[in-house]
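Chemist: Take a look at this one; I'll ask things after.
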Amino acid sequence: MGLKGNAAIVGAAQYRPEKYATAPRMFHLEQVADLAGLALADAGLKASDIDGLVIHGPQFHEAQVFVPAMAAEYLGLSLNFAEVVDLGGCSSVAAVWRAAMAVEMGLCQAVLCVIPARMAPFGPDEDPSWMARAMRFGGHSTAFGAPEAEFDLPYGHMGQNTGYAMIAQRYAAKYGYDPVAMAKIAVDQRTNALANPDASFFGKPLSIEDVLASKMVAEPLRVLEIVMPVAGGAAVIVASKEVAARAKNRGACITGFGEHLSFKSPTYATEMTDTPIGPASERAFAMAGIKRSDIHAAQLYDCYTITVLLTLEDAGFAPKGEGMRWVREHDLTYKGNFPMNTHGGQLSFGQSGTAGGMSQVIEAFHQISGRAGERQLKRCDTVFVSGTGGVMSEQGALILQGA
Amino acid sequence: MSTNKPLPTATEISAPFWNGLKAGRLTIPQCKSCGHWIFFPRRHCDKCWSQDLEWKEVKGTGTLYTYTLTRIPTLPDFADEMPQKMAVVELDEGVRINTTLIGLDEGEVKVGMRVKPVFDTVKSDGTALLRFTAADKDFPSRIDSTPAALAAAAEAEAEPAAAKRQVRCDDEAAMKALVSDTFSPWSNQIVVDQALIDEFAKLSGDDYWIHTDPERARKQSPFGGTIAHGALVQVLQSRLRIPLDFEVVGFTNMVNYGSDRLRFPAPVPAGSRIHAHSRVKSVEKLPKGMQLTMEIVTHVVGSERPSVINDLVILYM
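Residue numbers (the working numbering), protein chains in the order written: chain F, 68 to 470; chain Z, 1498 to 1814.
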């Protein structure tokens, strides 16, 4: 069961992370076309090669429904497969394996996976109410009948910070907690960002002391353990072996994936410290037929330091309950013995909304295709990538291997 | 009473739960087929998918599954609860509930502690939320947190007025000795509700929708509801009695000379409670008399950012 590794990422593009206030305002359709063009140029392919589309659907500016058809029309493409993903921060990973599946089933030869994440210009009759609501309630629904509107919001449970903080607090009660190890995750990733001129925090070193002295947001999470939202957007092209053979770069073949979800609020998880990346990773490794130790780099979704810690444990890299000790014993930088989030992670690169997770996919591709600049690993043939949406609600895993 | 905190809207499915809370009882559905307890309420059992359910009253005791203390409010409207004691409680029946803890000091909160329910009325129509406190805590099982009740409670708890030192306004040295970097204790609290805001809008002619149209403000304002006029909050200083330990005497006339600085840094959402404190910022002897500048700072209760900063200049002649 599963993928045979006949589909590969062959091209990628992402906007440099920028502050929302100063980033260019572009229609989402315009961003889709622009990012697609950049990704095609990166691959050395032409627009007519694309015959599939996977796009992030929610909060698409120009349409709530019929997004793929509108995008195909705007782009001028004929598609044999069109798909919307709605998995929050897991959408990037989810888009890539859906594209790979379409290619391996013979539906498509090249699939564009794209997530626009710059703001669109506001029209004269724009109804700003959705934005006012989004600013107040984050990813929480306020709709009549939505369980979270009824049972979470009145108590102040909203957004992501407190949910992740409560997972961390339960972890602390079960297994113990080492704030220095948690800070080290952010610091090692910053070391990586110092070798990435595109990162938001390029040129800004960070120490353990800085993290521990930063403002407490929701105990035990401090502000430097939480991603900074930025404007951005990203696209990758997933192609068949035949198309990949004429692409410019070494392809990153998708040899394994997994996806898992069963709740929106982790309150309703069987056990909130055992996260969905566990079953998702298990499936991905089994599908690829490789061991944890075969991995040359891990690009782990990092909205918070606790997300990284639990992913290290539940994806099987560190023993359960011993992740903090494990982090202290490993060098997570691109020079280290467990290269992780070699672009800086979203904590140091910046989180461009739902496209943030694509930064991890693209870094894996850049490492495999040998284009990671100063932070390029000597050998990088096999990379593990994770995606996380909501409050550890929906998680996915990819195994990418050099062609 | 209006408030900008989100409130629950009961559905046909969940109404028995909310009606129970209003009456100080916790009722949740149980599956008649498999015995599974169900939370949040829904039409079916999320274990066996039977639709044969019945509402049952439970004691509400349980354990604290996890929690966090917030240092930044999850919404500005929750500033009066800081730090918010966000919690997940696992009832003895096995279901988990998102909630907040009440009546506990920060250090008393521990994962695994035993807890019991507190039915907290938050709206004048009786709407109540389910909070929890430590099982061994002597804390009432029903409380009233409507803004009016909270303001009245603060009034009742206020320190009795201390004996005031009298300072003669022409005693320059004594007057200058009043200057301090330290603020006074807090005043009484008052509720700035929509009725008050509407009256001020009528009086002042400033009826901009962000103050007066709750429906539009709920949908379109970044504050999620109406906010008071800055000028209204400023003049409400007259209703806030700040406990000062001195009294200036010996003048024939006292003139409000205006303000050296007036700022409205943070909004006051309709339904908020406000209070103020002050300090003497400067004292200057002028040919006309003694000029005292009082920095009066008004906050939404619990909010770090002030809503009004007023350097009020008073001339004693």
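Glycine residues also receive a C-beta, built at the ideal position from the N, C-alpha and C atoms.
For the putative contact between ALA1767 of chain Z and ILE1694 of chain Z, defined by C-beta atoms under 8 Å, what is the C-beta separation to the nearest angstrom?
Modeler: 6 Å
Chemist: Pull up the DSSP beta-bridge partners for PHE148 of chain F, would you.
Modeler: F:GLY119
Chemist: Taking the Cβ atom as the reference point for each residue, do VAL1585 of chain Z and THR1563 of chain Z lie within a distance shorter than 9 Å?
Modeler: In this structure, THR1563 of chain Z lies closer than 9 Å to VAL1585 of chain Z by Cβ.
Chemist: So which residues on chain Z does GLY223 of chain F lean against when the C-beta distance must stay under 9 Å?
Modeler: The answer, in chain order, is LYS1502, PRO1503, THR1567, PRO1570, THR1571, LEU1572, ASP1574, PHE1575, GLU1578, GLN1581, MET1583 and THR1597.
Chemist: How big is the Cα-Cα spacing for THR322 of chain F and PRO287 of chain F?
Modeler: THR322 of chain F and PRO287 of chain F have their C-alpha atoms some 37 Å from each other.
Chemist: From GLN98 of chain F to PRO84 of chain F, what does the alpha carbon distance come to, in whole angstroms?
Modeler: Cα to Cα, the separation comes out at about 14 Å.
Chemist: Any C-beta of chain Z within less than 8 Å: which residues of the region 381-396 of chain F qualify?
Modeler: none
Chemist: Measuring only between beta-carbons, confirm whether LYS1544 of chain Z sits less than 9 Å from chain F.
Modeler: no
Chemist: Nearest-angstrom Cα distance between HIS128 of chain F and ALA187 of chain F?
Modeler: 7 Å
Chemist: Cβ atoms of MET339 of chain F and MET233 of chain F: under 9 Å apart, would you say?
Modeler: yes
Chemist: Mapping the DSSP letters down to three states, classify PHE1743 of chain Z as helix, strand or coil.
Modeler: PHE1743 of chain Z falls in the strand class under three-state DSSP.
Chemist: The region 1503-1532 of chain Z: which residues have C-beta closer than 7 Å to a C-beta of chain F, in chain order?
Modeler: PRO1503, LEU1504, PRO1505, THR1506, THR1508 and SER1511
Chemist: Per DSSP, what are the beta-bridge partners of MET1751 of chain Z in this structure?
Modeler: Z:TYR1813
Chemist: Measuring CB to CB, does ALA22 of chain F end up less than 9 Å from THR372 of chain F?
Modeler: The requested residue 22 of chain F is not part of the displayed model; chain F covers only 68 to 470.
Chemist: So, is the C-beta of GLN1717 of chain Z closer than 9 Å to a C-beta in chain F?
Modeler: yes
Chemist: What distance in whole Å lies between the Cβ atoms of ILE1510 of chain Z and ILE1525 of chain Z, which are believed to be in contact at a cut-off of 8 Å?
Modeler: 12 Å between Cβ atoms; not a contact.
Chemist: Among residues of its own chain, excluding the 5 on either side of THR400 of chain F, which ones have a beta-carbon nearer than 6 Å to its beta-carbon?
Modeler: ASP255, THR258 and ASN259
Chemist: Please report whether the beta-carbon of LYS282 of chain F lies at a distance below 9 Å from any beta-carbon of chain Z.
Modeler: yes
Chemist: What is the residue span of the beta strand (DSSP E) that ARG1539 of chain Z lies within?
Modeler: Element bounds for ARG1539 of chain Z: n/a, residue is neither H nor E.
Chemist: Let me know the secondary structure DSSP gives SER1499 of chain Z once reduced to three states.
Modeler: The predicted model places SER1499 of chain Z with a pLDDT of 40, which falls under 50 and marks its position as unreliable; any figure quoted below should be read in that light. Coil at SER1499 of chain Z, not helix or strand.
Chemist: Could you pull out every residue in the same chain whose Cβ sits closer than 6 Å to the Cβ of TYR1652 of chain Z, ignoring the five residues on either side in sequence?
Modeler: For clarity, residue 1652 of chain Z is Glu in the given sequence; the question names Tyr instead. Answer for GLU1652 of chain Z: ASN1685, listed in chain order.
Chemist: Given that GLY212 of chain F touches chain Z, what residues does it touch there, using C-beta distances under 7 Å?
Modeler: Within chain Z, the residues near GLY212 of chain F are THR1508.
Chemist: Closer than 8 Å is the cut-off here; do at least three beta carbon pairs connect the region 289-300 of chain F with the region 74-82 of chain F?
Modeler: yes
Chemist: Could you tell me which uninterrupted alpha helix (DSSP H) segments, each at least 4 residues in length, are contained entirely in the region 274-304 of chain F, listed from first to last along the chain?
Modeler: Qualifying alpha helix (DSSP H) stretches, in chain order: 275-280.
Chemist: What distance in whole Å lies between the Cβ atoms of THR1565 of chain Z and THR46 of chain F, which are believed to be in contact at a cut-off of 8 Å?
Modeler: Residue 46 of chain F lies beyond the residue range present for chain F, which begins at 68 and ends at 470; the question has no answer from this structure.
Chemist: List, in order along the chain, the chain Z residues whose C-beta lies closer than 9 Å to that of GLU461 of chain F?
Modeler: Going along chain Z, no residue has its Cβ under 9 Å from GLU461 of chain F, so there is no contact; the nearest lies around 18 Å.
Chemist: Quick one: residues in its chain with C-beta nearer than 8 Å to the C-beta of HIS1726 of chain Z, no 5 flanking neighbours on either side, listed in chain order?
Modeler: ILE1694, PHE1697, ALA1698, SER1701, ASP1703 and HIS1708
Chemist: With LEU70 of chain F as the anchor, note down where its alpha helix (DSSP H) starts and where it stops.
Modeler: Where LEU70 of chain F is concerned, there is no enclosing alpha helix (DSSP H), given that its DSSP letter is neither H nor E.
Chemist: Note down, in chain order, each residue of its chain lying with its Cβ closer than 7 Å to the Cβ of SER274 of chain F, except the 5 sequence neighbours on either side.
Modeler: VAL254
Chemist: PRO343 of chain F: which of F:MET407, F:VAL458 and F:SER267 sits nearest, CA to CA?
Modeler: F:VAL458
Chemist: Near PHE1680 of chain Z, which residues of its chain fall below 6 Å by C-beta distance, leaving aside the five closest residues on each side in sequence?
Modeler: HIS1774 and ARG1776
Chemist: Within 9 Å (strictly less), CB to CB, does PRO287 of chain F reach chain Z?
Modeler: yes
Chemist: To which residues of the same chain is MET1498 of chain Z closer than 8 Å at the C-beta, ignoring the five residues directly before and after it?
Modeler: Note on MET1498 of chain Z: pLDDT 32, under 50, position unreliable in the model; the coordinate value appears next. Within the same chain, MET1498 of chain Z has close Cβ partners LYS1620, SER1621, THR1643, PRO1644, ALA1645, VAL1688, ASP1690 and GLY1768.
Chemist: If I follow the unbroken beta strand (DSSP E) through ALA79 of chain F, where does it start and stop?
Modeler: 74-81 is the extent of the beta strand (DSSP E) around ALA79 of chain F.
Chemist: Which same chain residues end up closer than 6 Å to ASN1750 of chain Z when comparing Cβ atoms and leaving out the 5 residues on each side of it in sequence?
Modeler: Only MET1814 meet the Cβ criterion.
Chemist: In this structure, what does DSSP give as the bridge partners for SER348 of chain F?
Modeler: DSSP output for SER348 of chain F lists no bridge partner at all.
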